[in-house]
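Worksheet: the structure to be examined is printed underneath.
Number of protein chains: 2
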Amino acid sequence: MAKESKARRATIEDVAEAAGVSRAAVSKVLRNAYGVSPKMKAKVLATIEQLDYRPLVAARAMSGASYTVGIEIPDFRNQFFTKVLSGAKDALKGTGYQLIIAPADEGPKEGHRALEALLDRQVDGVIAVSPLVGQSWLERAAERTPMVMFARHDRSLHYDTVAGDDVAGADAVMQHLLELGHQRIAHLTRDEMVTEPGTPHGLRLGAYLKVMVEAGLADSISVTRCGEGQDLAYAATQSMLAAPEPPTAIFAGHDELALGALRAVVESGLDISVAGYDDVPLASHPLISLTSVDQPGAAMGARAVRMLLERLAGRTDAFHETFVPMLRTRKSTRPPANEALGNEHSPDVAPSLAE
Amino acid sequence: MAKESKARRATIEDVAEAAGVSRAAVSKVLRNAYGVSPKMKAKVLATIEQLDYRPLVAARAMSGASYTVGIEIPDFRNQFFTKVLSGAKDALKGTGYQLIIAPADEGPKEGHRALEALLDRQVDGVIAVSPLVGQSWLERAAERTPMVMFARHDRSLHYDTVAGDDVAGADAVMQHLLELGHQRIAHLTRDEMVTEPGTPHGLRLGAYLKVMVEAGLADSISVTRCGEGQDLAYAATQSMLAAPEPPTAIFAGHDELALGALRAVVESGLDISVAGYDDVPLASHPLISLTSVDQPGAAMGARAVRMLLERLAGRTDAFHETFVPMLRTRKSTRPPANEALGNEHSPDVAPSLAE
DNA sequence: TTGAAAGCGCTAACAC
DNA sequence: GTGTTAGCGCTTTCAA
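In structure tokens form, the structure reads like this:
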């Protein structure tokens with residue numbers, strides 16, 4: 020009754036037999052390697068087509084390549100990473116490499132886990148966003164599998180890096196807020212784990228602190244931390260706003276947090292400026308109009324892919340590229356509402372030395 | 020001078036040797052299969068730990084399983100799919116299966132390509148969002164690899180489906196707009212390719228047309244098409260608004276399109292209602308407040324994974340689950356501004372038969 | 001309970 | 001230019 024239960028997938032052997040050639044010949048055609056006559060090539064190609072043959076990647080990976088590039092990302096709900104993915108995907112188009120994405124869960128060891136999952140699958144190259152993975156481990160892994168790390172500011176001899184200049188970006192935001200006349204500027208960032216020195220959020224936090232101190236606003240320093248995502252940023256901001264003396268401006272570590280903060284601010288009815296980081300597509304929406312630091316995610320993702328392709332092609336010395344971010348000022352930041360109160364509460368700061 | 024150039028990765032052989040057992044024994048421990056004494060198990064486990072051994076997936080896949088579940092998605096910039104991914108990822112946690120995501124490019128054959136890439140990699144199971152792939156091809160693929168299709172309304176004996184009730188959802192939107200008093204309701208949807216009969220967007224379009232006709236508004240039917248993404252929706256809406264008699268309400272095929280439309284509407288200064296579909300997280304943001312049809316993406320993704328796990332565990336009969344969507348009305352939809360003009364321009368419709 | 005050995009489907013190195 | 005063959009690192013019979 021049953022026709023042919025689970026028709027077996029054609030193998031290279033089947034193709035060779037049907038075409039009357041050797042497996043090696045078929046293999047060469049597949050990789051269009053050197054040493055096949057046009058005639059044989061045509062015959063093999065026709066047979067492949069006819070049998071609907073597709074090589075199993077696992078078998079190829081066991082001896083040769085997997086023609087696969089893996090990218091590990093910590094949070095695909097963050098539209099910045101989505102931009103990066105787009106850029107990477109497009110840059111990989113037509114190269115013969117297939118892209119697979121391994122999502123990492125939250126947590127210090129999760130990036131590590133996802134990376135290992137990719138390596139276990141013998142991807143030919145890896146792009147990863149893993150600020151928390153130890154450098155020595157990465158070095159060792161990168162010796163075997165070409166690797167470019169995203170948003171890392173360390174320098175390795177074995178892997179390339181693509182990062183934004185987080186200090187410059189954060190400086191720009193802070194400068195902008197100061198120029199608008201803000202003093203009680205709060206910083207909304209992620210948990211300690213994610214703000215270790217040298218990480219993007221660590222650098223942004225550092226820049227915030229430095230600018231505040233240098234502006235004589237050390238007493239107004241206020242750092243609020245929250246977990247990942249708009250919802251947690253929303254909740255954290257709510258408590259921030261409930262404090263006796265809420266900030267007049269909030270600098271959020273990235274746009275996702277900024278959007279959550281904005282939600283709380285809007286609902287509170289208070290006139291508080293909010294700035295973010297990354298310039299996700301929505302930041303420019305007229306209904307949102309969020310001041311943000313433009314990190315060209317797509318270009319960065321594409322650059323990472325190109326670096327990886329270079330390594331795949333044989334390059335062995337390490338490249339480190341830094342993208343210069345660009346502040347986009349929008350309506351979410353404006354002069355503080357209660358300007359009059361501005362100077363009133365900065366005790367140990369001489370009222371404008373430079374005037 | 021060089022220490023050990025590219026230290027070889029430990030193999031099962033290395034572990035067996037170091038532990039003084041056979042490869043088969045190690046293999047059994049790895050899969051904690053039946054027939055290993057606790058003593059040997061402990062010894063092997065210790066050796067694995069010590070050698071930092073991890074099995075290569077390719078080798079396992081050649082004979083056995085890859086412990087990998089693949090999910091194919093057409094557009095990770097659409098936050099709806101991002102919700103689905105989240106749900107799927109969480110549901111897979113702790114099952115021993117690793118999730119890999121294959122992004123599909125736009126185009127009729129691209130979903131197919133991404134799916135094949137996954138099958139070539141011998142994933143143990145597949146979840147796919149491929150409205151455009153032919154059913155017969157899918158059937159054949161599903162005979163060999165467990166598969167659950169997302170957002171498909173066809174019924175197969177070999178694959179499961181998880182979908183939303185698109186007709187009910189679209190009906191709800193239209194009913195809502197009609198109740199508000201709108202007549203010139205336009206539908207913004209994707210290109211013909213994506214609105215084939217039976218596809219989600221095809222069903223939504225069909226429901227739109229049906230409701231319009233039944234409401235006696237056949238003359239006001241207006242369907243605008245655009246490519247994927249906010250930007251293209253924005254441009255399409257701009258031309259729509261430039262027409263002599265623009266609509267008073269726009270029903271967009273999904274929220275991404277709705278956000279683009281909203282951008283154009285806001286910029287135009289016109290008072291036009293906009294409704295979307297999917298209820299992406301941002302729709303509820305107070306600054307956006309987009310009326311939308313809530314499709315529980317995370318729950319749907321989790322359900323798809325559970326179905327797949329059931330198949331992986333042996334189920335062979337097909338399941339088809341439909342999720343009932345729920346309209347969320349928000350500020351982006353309100354009564355038409357120029358109510359007075361409402362009836363003036365509906366020539367061949369008897370003014371309310373049922374009154 | 002344990003181990004030996006035969007593959008899985010490819011590629012690569014080498015003969016012819 | 002073409003074919004032969006030895007692996008790659010696992011799992012899976014099947015004996016012991």
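Heads up: the sequence lines are chains C and U, in that order. With our numbering applied, the first sequence covers 20 to 374. With our numbering applied, the second sequence covers 20 to 374. We treat Cβ as the ideally placed atom computed from N, Cα and C, and that holds for glycine. Here the structure is a predicted model, which is why all the values come from computation and not from measurement.
First and last residue of the uninterrupted beta strand (DSSP E) at Met168 of chain U
Counting along the chain, the beta strand (DSSP E) containing Met168 of chain U begins and ends at Met166 to Phe169.
What does the alpha-carbon distance come out to for the pair Arg140 of chain U and Arg334 of chain U?
Approximately 23 Å between the Cα atoms of the pair.
Starting from the N-terminal side, write out each stretch of the beta strand (DSSP E) that is 3 residues or longer and does not extend beyond the segment 188–236 of chain U.
Within the segment 188–236 of chain U, the complete beta strand (DSSP E) segments at least 3 residues long are 204–209, listed from N- to C-terminus.
Between Ala277 of chain U and Gly248 of chain U, is the Cβ-Cβ spacing less than 8 Å?
Inclusion of Ala277 of chain U and Gly248 of chain U in the CB contact set at 8 Å is not warranted, their separation being larger than that value.
Report yes if the C-beta distance between Ser175 of chain U and Glu162 of chain U is below 8 Å; otherwise report no.
Not a contact, by the Cβ cut-off of 8 Å.
Tell me whether Pro315 of chain U sits in a helix, a strand or coil according to DSSP, three-state version.
Of the three classes helix, strand and coil, the one that applies to Pro315 of chain U here is coil, per DSSP.
I want to verify the contact list: residues of chain U whose CB lies under 7 Å from the CB of Phe95 of chain C, in sequence order.
The answer, in chain order, is Phe95, Thr101 and Leu104.
According to the Cβ coordinates, are Pro127 of chain C and Leu331 of chain C closer than 8 Å?
Contact: no.
What does DSSP give as the partner residues of Glu264 of chain U in its beta bridges?
DSSP lists no partner for Glu264 of chain U.
Taking the straight line between their C-alpha atoms, what separation do you get for Pro216 of chain C and Glu286 of chain C?
Inter-residue distance for Pro216 of chain C and Glu286 of chain C is about 34 Å (C-alpha atoms, whole angstroms).
Environment of Gln117 of chain U [buried if 16+ CB atoms lie within 10 Å]:
For Gln117 of chain U, the number of other beta carbons within 10 angstroms of its own is at least 16, and it is reported as buried.
Measuring CB to CB, does Ala78 of chain C end up less than 8 Å from Met81 of chain U?
Cβ atoms of Ala78 of chain C and Met81 of chain U: closer than 8 Å.
Return no unless some Cβ of chain C is closer than 8 Å to the Cβ of Lys108 of chain U.
Lys108 of chain U has a beta carbon lying within less than 8 Å of a beta carbon in chain C.
Could you spell out the range, first to last residue, of the alpha helix (DSSP H) harbouring Asp139 of chain C?
Under the DSSP assignment, Asp139 of chain C falls in the alpha helix (DSSP H) whose first and last residues are Glu129 to Asp139.
Only counting the same chain, and skipping five residues up and downstream in sequence, which positions put a Cβ closer than 8 Å to that of Met326 of chain C?
Cβ neighbours of Met326 of chain C beyond the five flanking positions: Val167, Asp179, Val181, Phe338 and Glu340.
Can you tell me whether Leu346 of chain U is buried or exposed? The criterion is at least 16 other CB atoms within 10 Å of its CB, across all chains shown.
Buried, by the Cβ-count rule.
List the residues of chain C whose Cβ lies closer than 7 Å to the Cβ of Ala121 of chain U, in chain order.
Within 7 Å Cβ-Cβ: Ile119.
Who are the near neighbours of Val40 of chain U in its chain, counting only those whose CB is closer than 8 Å to its CB and skipping five residues on each side?
For Val40 of chain U, where only same-chain residues beyond five positions count, the Cβ hits under 8 Å are Met59, Lys62 and Val63.
Counting contacts by CB-CB distance shorter than 8 Å, is Pro300 of chain C in contact with chain U?
True, the Cβ-Cβ gap to chain U drops below 8 Å.
At what residues does the beta strand (DSSP E) containing Phe342 of chain U begin and finish?
Looking at the DSSP string, the run of the beta strand (DSSP E) that includes Phe342 of chain U is His339 to Phe342.
Excluding the 5 residues preceding and the 5 following Asp94 of chain C in the sequence, name in chain order all residues of the same chain whose CB lies nearer than 7 Å to its CB.
Phe100 and Glu247, listed in sequence order.
Among U:Pro354, U:Val293 and U:His195, which residue has its Cα nearest to the Cα of Leu207 of chain U?
Taking only the C-alpha atoms, the option nearest Leu207 of chain U is U:Val293.
Using a Cβ cut-off of 9 Å, pull out every chain U residue sitting near Glu135 of chain C, in sequence order please.
The answer, in chain order, is Arg73.
Please report whether the beta-carbon of Asp33 of chain U lies at a distance below 8 Å from any beta-carbon of chain C.
By this cut-off, Asp33 of chain U is not an interface position.
So Pro122 of chain C and Ala170 of chain C are in contact, right, with Cβ under 8 Å, and what is the actual spacing, rounded?
Wrong, their Cβ atoms sit about 16 Å apart, outside the cutoff.
Using the beta-carbon of each residue, which ones in chain U are nearer than 9 Å to Ile307 of chain C?
Per Cβ cutoff of 9 Å: Leu301, His304, Leu306 and Ile307.
Buried or exposed: which applies to Ser149 of chain U, given that a residue is buried once 16 or more other Cβ atoms fall within 10 Å of its Cβ?
Buried, by the Cβ-count rule.
Identify the contact partners of Glu129 of chain U in chain C, using a Cβ-Cβ distance below 8 Å as the criterion.
Neighbours of Glu129 of chain U in chain C, taken as residues whose beta carbon is under 8 Å from its own, are absent, since the nearest beta carbon is some 10 Å off.
Give the DSSP-derived three-state secondary structure of Glu247 of chain C in the structure shown.
When secondary structure is reduced to three states using DSSP, Glu247 of chain C falls in the coil class, being assigned neither helix nor strand.
At 9 Å on the CB atoms, spell out the chain C contacts of Glu286 of chain U, in chain order.
Those are Pro305, listed as they occur along chain C.
Tell me which residues of the segment 54–79 of chain U have at least one Cβ-Cβ distance to chain C shorter than 8 Å, keeping chain order.
Cβ contacts with chain C come from Arg73, Pro74, Leu75, Val76, Ala77 and Ala78.
Three-state secondary structure (DSSP) of Ser46 of chain C:
Per DSSP, reduced to three states, the secondary structure at Ser46 of chain C is helical.
When you compare each of U:Thr310, U:His273 and U:Ile90 to Ile291 of chain U by their alpha carbons, which one comes out closest?
Checking every option, the nearest Cα to that of Ile291 of chain U belongs to U:Thr310.
Label Val213 of chain C either buried or exposed according to how many other C-beta atoms from any shown protein chain fall within 10 Å of its C-beta, with 16 as the threshold for buried.
The C-beta of Val213 of chain C has 16 or more other C-beta atoms within 10 Å across all chains shown, which makes the residue buried.
Beta strand (DSSP E) containing Arg347 of chain U: first to last residue?
Arg347 of chain U: member of the beta strand (DSSP E) spanning Met345 to Arg347, first to last residue.
I'd like the span of the beta strand (DSSP E) that includes Pro300 of chain U, first residue to last.
Careful: Pro300 of chain U lies outside any beta strand (DSSP E) and carries neither H nor E.
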